[in-house]
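Below: the structure, in structure tokens.
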Amino acid sequence: MKIGFIGLGVMGSRMVKRLIEAGYHVTVFNRTAAKAAPLEKLGALRTDSIADLSKDVDVICSCLSMPSDCLDVYLGKEGVIENASQGAICLDFSTVGVETSRQIATQAHEKGIQYLDAPVSGGPEGAEQGSLTIMVGGEKSSFESVLPVLRKIGRTIEYLGPTGSGSIAKLINQYLVAVHSIAASEAMVAGAAFGLKSEQLYNILKVSYGESRILRRHMEQYVLDRQFDPGGALKYVHKDIALANPLFNKAGITEYLGMFAEKSFSSAIEQGLGDLDMSSVILPLEKECRVTVKRSDN
């Protein structure tokens, strides 16, 4: 089985590495060609266009940043749908809106191409270890055909139903990521404002009912050590919560925490924090309350 992979960012590059190590022949494309160099050394083939990549592979994977990127890659004149062979299966690991997934799937189907929305969760470490959670929507027969590929990069792999189902599940997950990020930030800033030692408060919370995976991630890897190099950039969480919120409205929920979370992430971007890690959403709160959440020796 020949695989094409479009998008070699922090997630895509790690997924490609695992596929090569599993013995797959992988052709890659990235707008910044230099990002392909380490993968070429491992055995990947690099192509200069999406059109060329799409013509000669059985499975076309993508891991892109924004919905607009996906629309360009799949629906552009030199994109996947216009150039892939009939019977090819597309695996889009990007986090996009439901309508984006359905739009691409509809045009793919008209060309005899299968499209699966298959967003992932688990971060760079999950991609590195092959332990990603993969949420898949689309034709079940196509899912079953590519399941061996998915098992090389994911540990929890769930087929959820028709096109868009994977995107819905991922956006619900990202909704929780955004809301938990705000709640954890508020809790830690409030503790500091009342004179509690941040590290001590965190040690209490992480073994109590207030514990969450986001609290642990943000405090242990970023906030307490004042290190905000991005594992997952703040601007992408803002994109995700903005896509997720309409789902909650469509579900019939009229007031929901995601509205405040979206506003908080938007404000952080306006303050120049968009390219920092998502945990940096705590910084405007610290500034507002004139405190710093950090280890005692920092």
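FYI, the numbering for the sequence shown is 6 to 303, going by our numbering. Note that beta-carbon positions come from the ideal geometry of N, C-alpha and C, so glycine has one too.
For this session: Provide the residue(s) that pair with A38 in DSSP beta bridges, ordered along the chain.
Result: Locating residue 38 in the sequence shown gives position 33, where the first residue counts as 1. Paired residues: none, contrary to the question.
Exercise. Per DSSP, what kind of secondary structure is R222 in: helix, strand or coil?
Worked result: Translated into positions along the sequence shown, residue 222 becomes position 217. Reduced to three states, the DSSP call for R222 is helix.
For this session: Within its chain, find whatever has a CB closer than 8 Å to the CB of G135; leave out the 5 residues flanking it on each side and keep chain order.
Result: Against the sequence shown, residue 135 aligns to sequence position 130. Cβ within range, chain order: R23, K157, I158, G159, R160.
Problem set entry | Limits of the alpha helix (DSSP H) - the one that C294 falls within | As a working note, residue 294 is residue 289 in the sequence shown. Where C294 is concerned, the enclosing alpha helix (DSSP H) stretches over 288-294.
Exercise. For V242, does the count of other Cβ atoms within 10 angstroms reach 16, so buried, or fall short, so exposed?
Worked result: Numbered from its first residue, the sequence shown carries residue 242 at position 237. So V242 counts as buried.
Exercise. What does DSSP give as the partner residues of S147 in its beta bridges?
Worked result: Residue numbering aside, residue 147 sits at position 142 when the sequence shown is read from its first letter. The partner list for S147 (beta bridge, DSSP) is empty, contrary to what the question assumes.
Exercise. Which of helix, strand or coil does DSSP assign to G17?
Worked result: Stepping through the sequence shown from its first residue, residue 17 is reached at position 12. The answer is helix: DSSP assigns G17 an H, G or I state.
For this session: May I ask which residues mark the beginning and end of the beta strand (DSSP E) holding L248?
Result: To locate residue 248, count along the sequence shown from 1; it is residue 243. Looking at the DSSP string, L248 is not in any beta strand (DSSP E); the run it does join, the alpha helix (DSSP H), is 239-255.
Exercise. Rounded to whole angstroms, how far is the Cβ of G171 from the Cβ of D122, which I believe are closer than 8 Å?
Worked result: Translated into the one-based positions of the sequence shown, residue 171 becomes position 166. Translated into the one-based positions of the sequence shown, residue 122 becomes position 117. Yes, G171 and D122 are in contact; Cβ-Cβ is about 4 Å, under 8 Å.
For this session: Could you please give the first and the last residue of the uninterrupted beta strand (DSSP E) stretch that includes S67?
Result: Position 62 of the sequence shown, counting from 1, holds the residue named residue 67. Unbroken beta strand (DSSP E) run through S67: 64-67.
Exercise. Out of curiosity, what's the CA-to-CA distance linking R19 and V125?
Worked result: Counted from its first residue, the sequence shown places residue 19 at position 14. Counted from its first residue, the sequence shown places residue 125 at position 120. Cα to Cα, R19 sits roughly 13 Å from V125.
Problem set entry | Residues near P129 by beta carbon distance below 7 Å, same chain, minus five either side | Within the sequence shown, numbered from 1, the residue matching residue 129 stands at position 124. Counting only Cβ-Cβ distances below 7 Å, and skipping sequence neighbours, we find V15, M16, R19, G236.
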